[in-house]
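Structure record follows, encoded as structure tokens.
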Amino acid sequence: MTTNPEHSFLSGKKIPFTLIVFVLLQLLLFLPLYLTRSMEGSFFPHLASLPQSLITRSNPDIFRWSLDYALIFMLCLLLQKRMKLTILAGGIAVIYFILLAFQIYYFIVWKIYGEIPVWSYDWALFQRVLPVFFKTMGISPDLFKLLLLFLAALLIYISYRVHRWMLRRTQPWTSVFILVSACWFFGLPLILNRLPHAPESNNTKSAILWIIDNMHTTFTQARVKSLPADLSHLPYEAYQQLKIKTKPNIELIFIEAYGSLLSTVQPYDSIYIHQLQHFDQKLKSNHWLSASALSNSTILGGRSWLGFTSLLSGIHIDNHPAYEKLIQDHVGYPHLINLLNHFGYETYRLNTMASFGDDNRALDSIAGRYFNNNKWTRFQDLPYQGYKYDYMGGIPDQYALNYWHEKVLNPSKQPYFLFFITLNTHAPFYLPPPVLDNWNDLDTIKMSPHKTVRSENFSPVERYSKEVVYILQVLEKYILEKGNDNTLYVLVGDHQPAGMEYLLEGKTDVYATPLHIISRDSTWMKILLQEGMTAGMVPPFHPGSLLSHEGFYSFFMSTWAKRDSLQLSVPYLKNGYQ
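Dropping the structure here:
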């Protein structure tokens with residue numbers, strides 16, 4: 041006797057394997073999450089509290105469920121007897137590719153910058169940064185685009201073949217079995233998803249979700265801040281009326297990726313604190329004073345130019361479109377450098393990042409007009425002949441700073457201002473150069489001093505720790521050898537090291553970066569302490585940062601005015617001009 045397939049609840053032996061492939065395709069959608077955050081947890085999930093941990097959890101495992109894909113697949117099963125197999129397989133293949141491509145973008149960008157992506161912001165950034173990255177790495181942009189198109193076509197084709205194969209194997213399924221499958225694979229997860237749960241954040245990732253919700257958030261979200269509505273009358277213009285008496289030479293040195301992170305991670309916290317204490321003792325023994333605090337940057341990981349522009353301009357900038365609008369439309373803005381130009385300073389900019397491509401040079405020239413330094417020293421101006429330690433330019437910071445001070449700085453034009461952002465602490469955190477007694481000898485090193493070229497030995501956080509120790513040693517040596525009684529140093533981080541914010545564990549503000557001010561002006565340093573900064577090179581590492589990058593401009597000027605006993609009409613704006 042033969043059983044009619046239409047009246048059999050489980051028809052055929054092909055059902056279980058087809059469902060296994062369906063589940064594997066679900067897990068594949070979350071592979072980008074695990075690959076980008078594998079160091080934050082384990083491959084298998086921790087189901088500590090049910091059903092909550094079925095819906096959302098911090099562990100970056102792949103055992104998650106896309107309601108979008110489940111719904112589309114179940115609809116295809118219901119429609120397969122009414123529509124052509126080719127159309128159904130083609131449609132679900134394209135949809136699956138879109139979901140997977142979005143997940144790749146979403147989790148990679150989230151990992152790099154530590155924030156949920158915003159497409160309009162990221163697209164503007166891609167247009168500017170990717171061409172520079174390609175040329176830095178020696179990759180043809182056109183070849184990359186062709187490769188991307190080829191990979192997209194290949195993935196769609198593979199997805200089509202797999203889904204066509206799956207649909208063909210499910211043709212014997214009965215309507216009842218399809219409905220039961222839909223209840224299990226879509227209905228039950230949908231019900232669980234409706235239970236109260238925490239939204240996605242750096243500390244928690246959805247385990248049952250509509251990917252399309254993340255798409256909607258990413259493509260429509262207005263999390264990033266635009267520029268203040270009115271920049272025509274700024275309170276900072278009043279600074280030009282100050283009759284400044286004290287005019288120290290000022291060196292503002294941004295330390296790339298110098299966040300509060302190392303203070304929270306054992307055993308690197310003790311190494312880092314020891315280096316700061318050593319720096320502090322050396323300064324004291326040479327009659328220097330220092331004051332430190334934490335300052336919250338406007339960005340979490342990467343995009344240094346947004347952090348330093350916020351600090352120099354006194355406004356909150358956390359996205360590239362706002363940055364470009366500022367530097368293009370507001371030449372003459374009364375930022376710190378323009379103010380120092382007004383006070384008669386000779387202003388310098390030292391930039392050791394290699395520039396590639398017409399677009400980057402155009403943007404560089406626009407930024408040059410905005411920041412209005414009297415003299416720029418760029419990568420191509422430095423006659424460095426030694427080994428290149430990274431792909432961004434590779435010049436040791438020790439070499440760059442000392443070359444600038446001995447060969448570029450005009451000692452007859454004082455006071456002066458230097459703005460420099462270090463580069464050796466840039467991600468992916470290659471092992472640093474050696475610190476030499478004579479910086480000129482760095483030219484003689486032609487091969488990597490480490491085991492491998494641009495070494496990525498050790499874990500990222502360990503390499504990062506070595507780089508921070510390196511730059512603190514470089515700056516200590518530089519200040520002790522080059523500094524004088526009329527020089528004031530501001531050392532500050534631009535953001536946390538990319539992709540490591542999960543290690544903070546709430547021990548400091550997530551955006552916190554150390555800030556150190558070093559001088560022999562005891563009057564000014566006393567005022568800084570009265571305003572809340574901590575004596576020495578070790579800031580208090582706890583939540584509740586004293587300063588913010590966008591508020592530093594007004595903080596610095598208010599202490600300068602007090603130093604010279606001047607009345608200041610502009611209040612301290614902790615959150616900058618809004």
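Sequential numbering of the sequence shown, starting at 41, is according to the working numbering.
All C-beta atoms, glycine included, are put in the ideal place defined by N, C-alpha and C.
The structure displayed is predicted, hence computed values, not measured ones.
Problem set entry | Alpha-carbon to alpha-carbon, F142 and K415 | 44 Å
Exercise. With 16 as the cutoff for other CB atoms within 10 Å, does F411 come out buried or exposed?
Worked result: buried
Exercise. Between the C-alpha atoms of Q618 and L608, what's the straight-line distance to the nearest angstrom?
Worked result: 19 Å
For this session: Can you give me the start and stop residues for the alpha helix (DSSP H) that L441 sits inside?
Result: D437 to Y443
For this session: Provide the residue(s) that pair with W105 in DSSP beta bridges, ordered along the chain.
Result: I248
For this session: With DSSP as the reference, please indicate the residues paired to R389 in a beta bridge.
Result: W416 and F459
For this session: Please list, in chain order, all residues of the same chain as S598 whose beta carbon is under 7 Å from its beta carbon, the five residues on each side excluded.
Result: L608 and Y612
Problem set entry | Q321, DSSP secondary structure in three states | helix
Problem set entry | Three-way DSSP call (helix, strand, coil) for E80 in this model | helix
Problem set entry | Anticipated Cβ contact below 8 Å, L292 with P374, distance rounded | No, L292 and P374 are not in contact; Cβ-Cβ is about 17 Å, not under 8 Å.
Exercise. If you run the structure through DSSP and keep just helix, strand and coil, what is D399?
Worked result: With a pLDDT of 49 at D399, under the threshold of 50, the modelled position of that residue is not reliable, and no figure is offered here.
For this session: Would you be able to state if there are at least three C-beta pairs under 8 Å between the stretch 142-160 and the stretch 66-79?
Result: yes
Problem set entry | Spatial distance of I127 from C116 (CA atoms) | 10 Å
For this session: Taking 9 Å as the cut-off, decide whether the C-beta atoms of L388 and F457 are in contact.
Result: Here the sequence assigns Tyr to residue 388, which means Leu is not the residue at that position. Yes, these two residues count as a Cβ contact at 9 Å.
For this session: State the Cα-Cα distance for the pair D430 and G299, rounded to the nearest angstrom.
Result: 20 Å
Problem set entry | Cα-Cα separation, P239 to I248 | 12 Å
Problem set entry | Boundaries (first-last residue) of the alpha helix (DSSP H) holding A193 | P181 to T210
For this session: Alpha carbon to alpha carbon, how far is I313 from S303? Give it in angstroms, no decimals.
Result: 7 Å
For this session: Quick one: which unbroken alpha helix (DSSP H) runs of 4-plus residues sit fully inside the stretch 336-365? Chain order, please.
Result: 344-353
Problem set entry | Simplified DSSP assignment, three categories, for P554 | strand
For this session: To the nearest angstrom, report how far apart F158 and F348 are at their CA atoms.
Result: Just to set this straight, residue 158 is Val in the shown sequence, not Phe. About 21 Å.
Problem set entry | Opposing strand residues paired with N289 [DSSP bridges] | T527
For this session: Below 8 Å on the Cβ atoms is my guess for I355 versus P268; work out the distance and round it to an integer in Å.
Result: 6 Å
For this session: Taking all protein chains shown into account, decide if Q425 is buried (16 or more other Cβ within 10 angstroms of its Cβ) or exposed.
Result: exposed
Problem set entry | CA-to-CA distance, L515 to P474, given in whole angstroms | 13 Å
Exercise. Do you know how far the Cα of K121 is from the Cα of Q211?
Worked result: 8 Å
Exercise. Thinking C-beta only, is L586 closer than 9 Å to G572?
Worked result: yes
Exercise. Who pairs with I60 in a beta bridge, going by DSSP?
Worked result: DSSP lists no partner for I60.
Problem set entry | Beta-carbon separation (whole angstroms), V162 vs K265, contact threshold 8 Å | According to the sequence provided, residue 162 is Asp. The question's Val does not apply to it. With a Cβ gap of about 16 Å, D162 and K265 do not count as contacting.
Exercise. Smallest Cα separation from P583: which of L334, P181 and L463?
Worked result: L334
Exercise. Which residue comes first and which comes last in the alpha helix (DSSP H) that contains K506?
Worked result: P500 to K522
Problem set entry | Boundaries (first-last residue) of the alpha helix (DSSP H) holding I135 | L125 to Y153
Problem set entry | Reduced DSSP secondary structure (H/G/I, E/B, other) of G616 | coil
For this session: Verify whether the separation of the beta carbon atoms of H256 and S246 is less than 9 Å.
Result: no
Problem set entry | Cβ neighbour criterion (16 or more within 10 Å) applied to Y385 | buried
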